[in-house]
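In our numbering, the protein residues as written are 2 to 560. Think of the CB as a built atom: it goes at the ideal place given N, C-alpha and C, for glycine as much as any other residue. Fair warning: this is a prediction, and the values are worked out from it, not measured in the lab.
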């Protein structure tokens, strides 16, 4: 109900309640305030999710574009992230107090795809600052940093070792999860902001880094994690392949010759990508993972889809040895459990179970157990710790004017986190270079966010979650077509309506209507929707209790 439609109680027209200064009874005062939603706090990109979802509910193309423009303030790749993000925002969504979380990831894909369809362009670069920055690495972290730096008005040059930018997005994620056309279009849109790209330029020695430092005002290192982890005891037989090398070969149309049976070692998203790619190539796939079914590091939906597609999963297992003496290699395996004390320290220590031995056969073995940064040539120039570039707790590295982010500086290896770190680095670089408008962003935690018990569920009707359609399994195995079919407009509107806008006042007027002392009034300034008349507010807390979204807090007073 809008403010214009809200009925005014008859008693309010008499004015007689103003006779009593009931505010003197008060021990607490209601304060209207914006508060962070848990989805916003948990988003690796810092996206103010309730704001752009609320724009979607307007239902016009203008509203959708406004929502997209809000998203790309933090994430220039919504069509990409809408497909591959691990969406921790949904895990924290307060809607789960009623039913399933809001499908934030699906809504982001809808906006991203719509923007590509409509040809929306990113805002132009900011006012020129007269300084230039080198970004080393054209993956998600590097591209994100370059984008934000252009928004701030800096000249940017990306140095990329490969023949094209895009990194993991272009070469490491299969077509069925992330269509090449989507990646290329969103990357091009960023580069069109005036970013220079130099491909085939590996900055892999201290001398090359020093040359950049002397030519640019700042340098951002975002070289990723390119060095695959190996299992030395398996040997170096040519039939043992590396997962990311395999995925890149398929992406480039250079799929290696494979036998009919392939074993994949690993339990993360990349291992699932390898296994599911092999199924699309018609191979029988055996996936061997140290972790148990409920502990796999891959996203649950990826595991479910892999099983639907016919991948044979041997979870809680390890390969103890490999016999390569025959055309069909023999893998001797054991069931294992993971040492809980080691896990608590961030280590993986499998404990073999007695009498659990079993054997598998495969023409090829593809090892996909993670990657490390390749820093052999840089470690004498910049401080390295635990195999990663050492930073100061933020993006600043040990050398003045050098910053680092993404997989080269963290073990939190998600695409969305890399993009978020690129944004953080750009802000740090801009501050270092003296940009006049850069202020530190608030560092909210879930303790600051609106809690589920602060939401009034009475005002939110039950509404089933709109699930994205998925390509049928039989069709998936016959092609590399996009598995996640984006929302239709009606689905997007219905799902956006499920968002409770936690912590954001939407002028519902509950506090205005329910106050028994007429102590809540409409504020004259649009930025402050309501004012509390302290002379008459007795601090009963009814307004806070009836606020659907946790936008009113009761502040204790001492008198």
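Distance, residue j Cα to residue i Cα
{"i": "residue 234", "j": "residue 350", "result": "16 Å"}
{"i": "residue 55", "j": "residue 521", "result": "25 Å"}
{"i": "residue 283", "j": "residue 261", "result": "8 Å"}
{"i": "residue 539", "j": "residue 455", "result": "21 Å"}
{"i": "residue 447", "j": "residue 469", "result": "28 Å"}
{"i": "residue 125", "j": "residue 375", "result": "35 Å"}
{"i": "residue 160", "j": "residue 73", "result": "23 Å"}
{"i": "residue 395", "j": "residue 405", "result": "9 Å"}
{"i": "residue 172", "j": "residue 141", "result": "12 Å"}
{"i": "residue 419", "j": "residue 408", "result": "7 Å"}
{"i": "residue 169", "j": "residue 30", "result": "52 Å"}
{"i": "residue 383", "j": "residue 397", "result": "11 Å"}
{"i": "residue 559", "j": "residue 27", "result": "9 Å"}
{"i": "residue 503", "j": "residue 90", "result": "13 Å"}
{"i": "residue 473", "j": "residue 131", "result": "53 Å"}
{"i": "residue 257", "j": "residue 245", "result": "13 Å"}
{"i": "residue 143", "j": "residue 92", "result": "27 Å"}
{"i": "residue 46", "j": "residue 78", "result": "11 Å"}
{"i": "residue 61", "j": "residue 71", "result": "15 Å"}
{"i": "residue 111", "j": "residue 35", "result": "27 Å"}
{"i": "residue 264", "j": "residue 365", "result": "6 Å"}
{"i": "residue 121", "j": "residue 194", "result": "13 Å"}
{"i": "residue 109", "j": "residue 149", "result": "19 Å"}
{"i": "residue 63", "j": "residue 342", "result": "54 Å"}
{"i": "residue 275", "j": "residue 219", "result": "37 Å"}
8 Å contact criterion, which residue i and residue j should meet: CB distance rounded
{"i": "residue 287", "j": "residue 363", "result": "7 Å"}
{"i": "residue 489", "j": "residue 103", "result": "17 Å between Cβ atoms; not a contact."}
{"i": "residue 484", "j": "residue 178", "result": "7 Å"}
{"i": "residue 136", "j": "residue 129", "result": "No, residue 136 and residue 129 are not in contact; Cβ-Cβ is about 18 Å, not under 8 Å."}
{"i": "residue 333", "j": "residue 360", "result": "6 Å"}
{"i": "residue 512", "j": "residue 548", "result": "6 Å"}
{"i": "residue 183", "j": "residue 81", "result": "6 Å"}
{"i": "residue 372", "j": "residue 203", "result": "Contact flag wrong, Cβ pair sits at about 17 Å."}
{"i": "residue 450", "j": "residue 51", "result": "With a Cβ gap of about 11 Å, residue 450 and residue 51 do not count as contacting."}
{"i": "residue 65", "j": "residue 115", "result": "6 Å"}
{"i": "residue 214", "j": "residue 403", "result": "7 Å"}
{"i": "residue 113", "j": "residue 225", "result": "With a Cβ gap of about 23 Å, residue 113 and residue 225 do not count as contacting."}
{"i": "residue 310", "j": "residue 280", "result": "5 Å"}
Chain-order list of residues whose beta-carbon lies under 7 Å from that of residue i (same chain, five-residue window excluded)
{"i": "residue 88", "result": "105, 106"}
{"i": "residue 534", "result": "520, 522"}
{"i": "residue 336", "result": "317, 318, 354, 357"}
{"i": "residue 101", "result": "466"}
{"i": "residue 294", "result": "316"}
{"i": "residue 297", "result": "268, 290, 304, 316"}
{"i": "residue 165", "result": "171, 200"}
{"i": "residue 308", "result": "314"}
{"i": "residue 436", "result": "130, 153"}
{"i": "residue 445", "result": "37, 42"}
{"i": "residue 324", "result": "330, 331"}
Sequence-distant residues of the same chain with beta carbon closer than 8 Å to residue i, five excluded per side
{"i": "residue 380", "result": "none"}
{"i": "residue 232", "result": "266, 320, 368, 370"}
Same chain, Cβ closer than 6 Å to residue i, neighbours up to 5 away in sequence not counted
{"i": "residue 541", "result": "none"}
{"i": "residue 176", "result": "481"}
{"i": "residue 252", "result": "172"}
{"i": "residue 300", "result": "87"}
{"i": "residue 145", "result": "420, 423, 424"}
{"i": "residue 553", "result": "31, 33, 544, 545"}
{"i": "residue 273", "result": "299, 303, 307"}
{"i": "residue 537", "result": "23, 24, 518, 520"}
{"i": "residue 388", "result": "373"}
{"i": "residue 492", "result": "467"}
{"i": "residue 49", "result": "41"}
{"i": "residue 67", "result": "56"}
Environment of residue i [buried if 16+ CB atoms lie within 10 Å]
{"i": "residue 631", "result": "Since the first residue shown for the chain is 2 and the last is 560, residue 631 is missing from the structure and cannot be characterised."}
{"i": "residue 393", "result": "exposed"}
{"i": "residue 486", "result": "exposed"}
{"i": "residue 255", "result": "exposed"}
{"i": "residue 167", "result": "buried"}
{"i": "residue 412", "result": "exposed"}
{"i": "residue 76", "result": "buried"}
{"i": "residue 329", "result": "exposed"}
{"i": "residue 221", "result": "buried"}
{"i": "residue 352", "result": "exposed"}
CB contact check: residue i to chain C, cutoff 7 Å
{"i": "residue 331", "result": "This model lacks chain C altogether; it includes just one protein chain."}
Beta strand (DSSP E) runs contained entirely in the region 20-73, provided each spans 3 or more residues | Entirely contained in the region 20-73, the beta strand (DSSP E) runs reaching 3 residues are, in chain order, 29-33.
Ignoring anything shorter than 3 residues or poking outside the region 285-364, list the beta strand (DSSP E) runs there in chain order.
-> 285-290, 313-316, 318-324, 330-339, 351-353, 359-363
Whole beta strand (DSSP E) elements within the region 487-560, 3-residue minimum | 521-523, 531-533, 553-557
Complete beta strand (DSSP E) runs within the region 184-270 (minimum length 3 residues, chain order) = 197-200, 219-222, 241-243, 262-266
Where in the region 130-179 do unbroken runs of the beta strand (DSSP E), each at least 3 residues long, occur, reported from the N-terminal end onward?
-> 133-137, 156-161
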